[in-house]
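Quick notes on the structure that follows.
2 protein chains.
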Amino acid sequence: MSKQRTVNLECGKSTQALYVIGTVINVDIYKPSPPGCRTFEVTSSPGVNCSISNQQNLTIAAQYATRWALSEGILLGVMVDQVSYAPNDRKVTVIFYGDDVGEPIDKMILELTAVVVSLDVDADRDGIVEKNNPNKGSWKWGPKGHGAILLVNCDKEEAAIRGNDNSDDKVSIFEDLGDMSHMILRTEGPNNLPAGYKLNLSISPLDEEKVQIFQHDITKMTSVLGRKKMSAVMDFTKGDNEIHFFAEGLMFPNDKITNLVTINLSLLQSMIYREIPIFTEQVVFRLAPWIMTPNTLGPAEVFVCSVKRNVKFLKEFKSFMEKTQCKLTVCPESMNLSDVWMQDEIEFGYTEAPHKYLNVVLDSPRDAGLQDFPYKYLLGPDFGHTKVTGEKGNSLNSFGNLEVSPPVTVNGKEYPLGRIIIGSSLPNSSDGRKMSKTIQDFLIAQEVQSPIVLYSDWLVVGHVDEFMTFVPAPDRKGFRLLLASPDSCYRLFKKLKEGGHGEARMFENQVVKPVKISEILNDQTLREENAYVQQCINWNRDMLKMELGLDEGDIIDIPALFHRDAEFQRALAYFPDMVNMLVIGKFLGIPKPFGPLINGKCPLESAVRSALEPLGLDCTFIDDFTSYHMRYGEVHCGSNVCRKPFTFKWWNMEI
Amino acid sequence: MSKQRTVNLECGKSTQALYVIGTVINVDIYKPSPPGCRTFEVTSSPGVNCSISNQQNLTIAAQYATRWALSEGILLGVMVDQVSYAPNDRKVTVIFYGDDVGEPIDKMILELTAVVVSLDVDADRDGIVEKNNPNKGSWKWGPKGHGAILLVNCDKEEAAIRGNDNSDDKVSIFEDLGDMSHMILRTEGPNNLPAGYKLNLSISPLDEEKVQIFQHDITKMTSVLGRKKMSAVMDFTKGDNEIHFFAEGLMFPNDKITNLVTINLSLLQSMIYREIPIFTEQVVFRLAPWIMTPNTLGPAEVFVCSVKRNVKFLKEFKSFMEKTQCKLTVCPESMNLSDVWMQDEIEFGYTEAPHKYLNVVLDSPRDAGLQDFPYKYLLGPDFGHTKVTGEKGNSLNSFGNLEVSPPVTVNGKEYPLGRIIIGSSLPNSSDGRKMSKTIQDFLIAQEVQSPIVLYSDWLVVGHVDEFMTFVPAPDRKGFRLLLASPDSCYRLFKKLKEGGHGEARMFENQVVKPVKISEILNDQTLREENAYVQQCINWNRDMLKMELGLDEGDIIDIPALFHRDAEFQRALAYFPDMVNMLVIGKFLGIPKPFGPLINGKCPLESAVRSALEPLGLDCTFIDDFTSYHMRYGEVHCGSNVCRKPFTFKWWNMEI
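From first to last, the protein sequence lines are chains A and B. Be aware that the first sequence starts at 66, since it is given in our numbering, and climbs by one per residue. Be aware that the second sequence starts at 66, since it is given in our numbering, and climbs by one per residue.
Spelled out as structure tokens, the structure:
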């Protein structure tokens, strides 16, 4: 529907109005008609299209008639399709006739200055700003959707600048414009607007902390909107003009910041008291979400820490990484300050618009020894950094407790970017530990990877990566969910005992006391503790089956045992927790369980190999016993992967 | 889909589990099977239904086969359709066979205690709680929708109690239960739950300030959930039991309080560390919104103030009210403390559930002389009271600036309860006055009358009722929008002058100086001011046409003039503002304009009569000149109407 505007005319007078091409001016003809009027005629300049309608909305093209019977409710609709060369050069004249049909009894004139004003963005999402897209003022998801996209410009193009690119009101380097969304203000018309009019760009107070818009001049970039600037008067000189703007997002959506940003273009008329808009249009951007990458996506770079105590681990880890042929970066102790938990401090992800893709590391509120690493090492050109707030001392806010599933379809609903998985206390329990609401709200606000909340508070550390992971698979849904399984471990140990290996010992040659399989089987407290743990994992299994649309065939049980930590009354891995593995394509870096050696082989490792190798996966068992396991973590906790993005574009989701 | 639960069995053992009828227990048969096993058999007690499926999800009814080949991924699904008489009386036995097909090599047993637990509400919206409605856990709008409804119990059944009925944790009078939503917890099974289980009701911390739930006992009502109570353990004694609850809403939705309330029912199993739920279900209520009533709804009661200075007005007003045959309540000066602006202090509305309807007065933050009136006079049995906060001194927070349209359809979208209309500064203008965000958020949060924001800040008082109202009409959309129109007034005055009445004077015999029609026409400043006002009203006209889907034929112009107030640089009515009228069915109480008398008749009144009387409307012009007009208000500002509710039920909207 064209924008409609009411303009009142008066007999015996010329009324001037500014007209924006594409809109309709409605003029009531009956009300101002002179007494005794019976018929009327409408004439207009070239390029002016008039239509007459009555209240029943019958429209008759004026050009095919010369005279109309006057009746109540008669309306004149005026559209102009050519811009004015001079102010008020487009004229419409309404001539009124009385009983004497030859002589007019009065007339009224509308003089229009026709201009084009259009604020344009890439609403069709092809990376290029089009002209006056009819959908530019709204935003719709899906392959048939529309609406422009704004990147949070949180990378840092130049080492010399302080902070992220969007942290001040300057553009320090030309390359930074590539991260921004292009916007064009197009104007056509006479050299100047008629006196008393001005062209204005504005944003609402709700959007000023979300967006910053730079105006591009031959010589400079000027911040004109955002960061407290709510409104900017625009030039109309020359009349046939394109003003270029570049827009950057200032922050990712969260519960307070919704993800739509609206830019308003107004033509304002100055009147006796104050200004009043005679034309307004909007363009809408959506802040691109931060997106997580599941284990099924290929790796780009792997990160691990070097500390004095993990020399042996690091050697094994490097040789594992050689197999993967993936880039490995070792964060030195000078940077990690003896903090090895690379998984917990950060989560790698990305953000994307049709014109650009940025890696973005999400920085946890954990802030232990590694706290400067993401900021000092990762942040750089096309590698952004953003941080969420939350309780610092809460272990559930570490990002070993933040994972994402591969793409799934659940009861017909598609999640082409998978679903985020976090751990918490049980739903509706008022006690227990939860991930901070600010982080949960941030994850929900990204919209495209609808989070699932699991139960992880039964663990001392309380991270979902302690009992689950995903590995790629060539069949079924393209992946398997691996779950830690005490039951499966007990069954395996029972078979070992029945096979005459009850005296075989775990933890041979380790720093802890070796323990016989038969001792483990006879430990009733350990059994009770693991029955409870199995119930907790079953609760999560049933939840994951429902929320990810999985069948039993999509799940593989990985033998594991847990035992109670007396202080926290919660569970810890009894031997290295194999499910806490690193997944690099088909290569799996798995905590070495140090099970009993039967004929030189560890039956725990064999069980995992025989479950995973048929899927084409390559298992490497890495000794993390003293360096990680005894400090309540494993291989996955001690490493991190920056992965390649999805080929699927998030804006093509149906939400 | 039935709720699925994973239970692990072990060879040579009986495993006990509590089972809720309607759910499915999944048992993996392959994983715990003994070495050398080739086939298996499943037997079960009467009332237990077993199905066998493999990973391809083929299900074969077990009762038609006696022996199954064992293979990886074989699952047993167990459902029970009769409640247990004694704990663990429903048994499933899985018997494993090896190469010797005659002799079993091992078996495992599942012993179930089958119970019914169901939390029930009126999810089909017929006013009666049904049994285990499959949709009770979700909420859907529309005639084919579902989901229970909760009233905000903000009335006061008994004069003796302090505050609203929902302001404490007691039920002081039996009648108050009628305002609450009934909820039933049904349990069936053996006399007691097996040891280690308990039944629990809970709400999330987000809901505790929204709802209070009373448990009904023979002798008393006990508040068990809400108001800091997050969780309550429920009895399962006797086994065949109905526990009755009554739920009341504590506050209307606002931007912080969403309108869904979830009550969780859980069966908890106590284990070595802590409890874990083995069954959970939810029921969902929606807080019924506060709904406004447009002028097209019939009146129930009209309110006006009596003060020393409005004796003459009141006499005319009462005689107008006699025509309407509607109840009139005059608020005495002892109650109104000389504050006559009855429209501004309060807005009448209602709230509704299938089982009950309550009038609810919304109290503005204005809090002038009338501030105690709604609380002391209106609040009572089935007449609720609620208050919104906002800046007290902001005139745009007075409820002359809060109106509602009749039902409309806009581009195919139906608004069967109309749309709320409020006034503000221009969109995206950072200066100027706006209605407080808390009030706007409250109105938006009610969801069913999606607000439209008009431009009213051009007026000194700044209320939408100064330039618009709605009257009922027998044709078209069932109503007309009336708009104040300076242009129409100038046309009328010009005709009068042309008819030789330029010397006729307005305001004859009033306290202000009379003024000639020709003087008004010649006053160029007044013309310029009114040209501006006309532009402001046109802006609102175009907005209302778009947002209410109106044509020009739905709009009637009512002659009006405005002039500038030097102090506020904003507009005031030049003569009594006729559009600021009271609409009581077909009877209109209109501010008497005191236009010039031509042949004993006022042409302004005649213009209004000739526009409105053909619609079957009855115009009464009431002298409010000194008592209201000169104090910046008119008849509508000085009165208020409690109207009958819509027959349309809000939950039948499609949102």
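Cβ atoms here follow ideal geometry from the backbone N, Cα and C, with glycine treated the same way.
Exercise. What residue from A:Leu591, A:Gln334 and A:Glu612 has the CA that sits closest to Cys601 (chain B)'s CA?
Worked result: It is A:Gln334.
Problem set entry | Residue-chain proximity (Thr416 (chain A), chain B), Cβ-Cβ < 8 Å | No, Thr416 (chain A) does not count as interfacial toward chain B.
For this session: Consult DSSP for His16 (chain A) and reduce its assignment to one of helix, strand or coil.
Result: A query on residue 16 (chain A) cannot be resolved here, the shown segment of chain A reaching from 66 to 720 and no further.
For this session: Can you check the stretch 325-372 of chain B for any beta strand (DSSP E) of at least 3 residues that lies completely inside it and give the ranges in chain order?
Result: Entirely contained in the stretch 325-372 of chain B, the beta strand (DSSP E) runs reaching 3 residues are, in chain order, 325-335, 340-352 and 364-370.
Problem set entry | Contact between the stretch 655-664 of chain A and the stretch 585-600 of chain A (3+ Cβ pairs under 8 Å) | The stretch 655-664 of chain A makes no contact with the stretch 585-600 of chain A; the number of CB pairs closer than 8 Å stays below 3.
Problem set entry | DSSP-derived helix/strand/coil call for Val72 (chain B) | If DSSP states are grouped into helix, strand and coil, Val72 (chain B) belongs with coil.
Problem set entry | Of the listed residues B:Glu410, B:Ala510, B:Pro481 and B:His450, nearest to Asn462 (chain B) (C-alpha basis) | Shortest Cα-Cα distance from Asn462 (chain B) to any of B:Glu410, B:Ala510, B:Pro481 and B:His450 involves B:Glu410.
Exercise. With distances taken between CB atoms, is the gap from Leu184 (chain B) to Tyr84 (chain B) smaller than 8 Å?
Worked result: For Leu184 (chain B) and Tyr84 (chain B), no; Cβs fall outside 8 Å.
For this session: Give the interface partners of Pro100 (chain B) over in chain A, defined as CB-CB distance under 9 Å, in chain order.
Result: By Cβ distance, chain A contributes Lys560, Glu563 and Gly564.
Problem set entry | Distance between Pro354 (chain B) and Pro492 (chain A) (C-alpha atoms, nearest Å) | Cα-Cα distance, rounded: 27 Å.
Exercise. Roughly how many angstroms separate the alpha carbons of Leu662 (chain A) and Gly167 (chain B), rounded to a whole number?
Worked result: Here the C-alpha atom of Leu662 (chain A) lies approximately 37 Å from the C-alpha atom of Gly167 (chain B).
Exercise. What span of residues does the beta strand (DSSP E) with Arg541 (chain A) cover, start to end?
Worked result: That residue, Arg541 (chain A), is in no beta strand (DSSP E); it is neither H nor E in DSSP.
For this session: At 7 Å on the CB atoms, spell out the chain A contacts of Cys115 (chain B), in chain order.
Result: Correct list: empty, because the minimum Cβ distance to chain A is about 16 Å.
For this session: Give the DSSP bridge partners of Thr34 (chain B), in chain order.
Result: Only positions 66 to 720 of chain B appear in this structure, which leaves residue 34 (chain B) out of reach.
Problem set entry | N- and C-terminal bounds of the beta strand (DSSP E) containing Val113 (chain B) | Segment Val113 to Ser118, the beta strand (DSSP E) holding Val113 (chain B).
Problem set entry | Through-space distance from Ile620 (chain A) to Val145 (chain B), alpha-carbon basis | A direct Cα-Cα distance of roughly 26 Å separates Val145 (chain B) from Ile620 (chain A).
For this session: State buried or exposed for Ala224 (chain B), treating a residue as buried only when at least 16 other CB atoms are found within 10 Å of its CB.
Result: For Ala224 (chain B), the number of other beta carbons within 10 angstroms of its own is below 16, and it is reported as exposed.
For this session: Mind reading off the beta-carbon distance from Phe317 (chain A) to Phe535 (chain A)? Whole number of angstroms is fine, and I expect it under 8 Å.
Result: In this structure Phe317 (chain A) is not in contact with Phe535 (chain A), their Cβ atoms being roughly 25 Å apart against a cut-off of 8 Å.
Exercise. Using a C-beta cutoff of 8 Å, does Asn603 (chain B) count as contacting chain A?
Worked result: Interface annotation, Asn603 (chain B): in contact with chain A, CB-CB separation under 8 Å.
For this session: Could you spell out the range, first to last residue, of the alpha helix (DSSP H) harbouring Gln589 (chain A)?
Result: Counting along the chain, the alpha helix (DSSP H) containing Gln589 (chain A) begins and ends at Gln589 to Leu613.
Exercise. What are the start and end residues of each continuous beta strand (DSSP E) run of 3 or more residues lying completely inside the stretch 206-254 of chain B, in chain order?
Worked result: For the stretch 206-254 of chain B, whole beta strand (DSSP E) runs of length 3 or above, ordered along the chain, are 213-215 and 246-253.
Exercise. Is the shortest distance between the beta-carbon of Tyr597 (chain B) and the beta-carbons of chain A less than 8 Å?
Worked result: Taking Cβ atoms only, chain A reaches closer than 8 Å to Tyr597 (chain B), which makes this a yes.
Exercise. Given that Ile337 (chain A) touches chain B, what residues does it touch there, using C-beta distances under 9 Å?
Worked result: Residues of chain B passing the Cβ test: Thr590, Glu593, Glu594, Ala596, Tyr597 and Arg629.
Problem set entry | Neighbour flag for Leu296 (chain B) against chain A, beta carbons, 8 Å | Contrary to the premise, residue 296 (chain B) reads as Ser rather than Leu in this sequence. The beta carbon of Ser296 (chain B) sits closer than 8 Å to some beta carbon of chain A.
Exercise. Expressed to the nearest angstrom, what Euclidean distance is found between the alpha-carbon atoms of His420 (chain A) and Pro446 (chain A)?
Worked result: Cα to Cα, the separation comes out at about 16 Å.
For this session: Ignore the nearest five residues each way along the sequence and tell me which others in Tyr150 (chain B)'s own chain have a CB closer than 8 Å to its CB.
Result: Hits under 8 Å: Pro255.
Problem set entry | Straight-line Cα distance separating Asp683 (chain B) from Thr389 (chain B) | Taking the straight line from one Cα to the other gives about 10 Å.
Exercise. Which of the three DSSP states, helix, strand or coil, is assigned to Val182 (chain A)?
Worked result: Correct three-state label for Val182 (chain A): strand.
Exercise. So who's on the other strand from Ser296 (chain A), going by DSSP bridges?
Worked result: BP columns for Ser296 (chain A) point to A:Ser267.
For this session: Taking only beta-carbon positions, decide if Trp204 (chain A) is within less than 8 Å of chain B.
Result: The C-beta of Trp204 (chain A) comes no closer than 8 Å to any C-beta of chain B.
For this session: Just the C-alpha distance for Thr454 (chain A) and Glu412 (chain A), rounded to the nearest angstrom, thanks.
Result: When rounded, the separation of the alpha-carbon atoms in Thr454 (chain A) and Glu412 (chain A) is 14 Å.
Exercise. Closer than 8 Å, CB to CB, is Trp133 (chain B) near chain A or not?
Worked result: Answer no: the Cβ-Cβ gap between Trp133 (chain B) and chain A never drops below 8 Å.
Exercise. For Arg606 (chain B), is the classification buried or exposed, using 16 other Cβ atoms within 10 angstroms of its Cβ as the cut-off for buried?
Worked result: With 16 or more other Cβ atoms inside 10 Å of its own Cβ, Arg606 (chain B) counts as buried.
Problem set entry | Beta-carbon neighbours of Pro97 (chain A), restricted to chain B and to distances below 7 Å | Taking a Cβ-Cβ cut-off of 7 Å, the neighbours of Pro97 (chain A) in chain B comprise Arg556, given in sequence order.
For this session: Provide the residue span of the beta strand (DSSP E) that contains Glu468 (chain A), from first to last.
Result: Its beta strand (DSSP E) spans residues Leu467 to Val469.
Problem set entry | chain B contact for Gly6 (chain A) (CB, 8 Å cutoff) | The structure shown has nothing for residue 6 (chain A), since chain A only spans 66 to 720.
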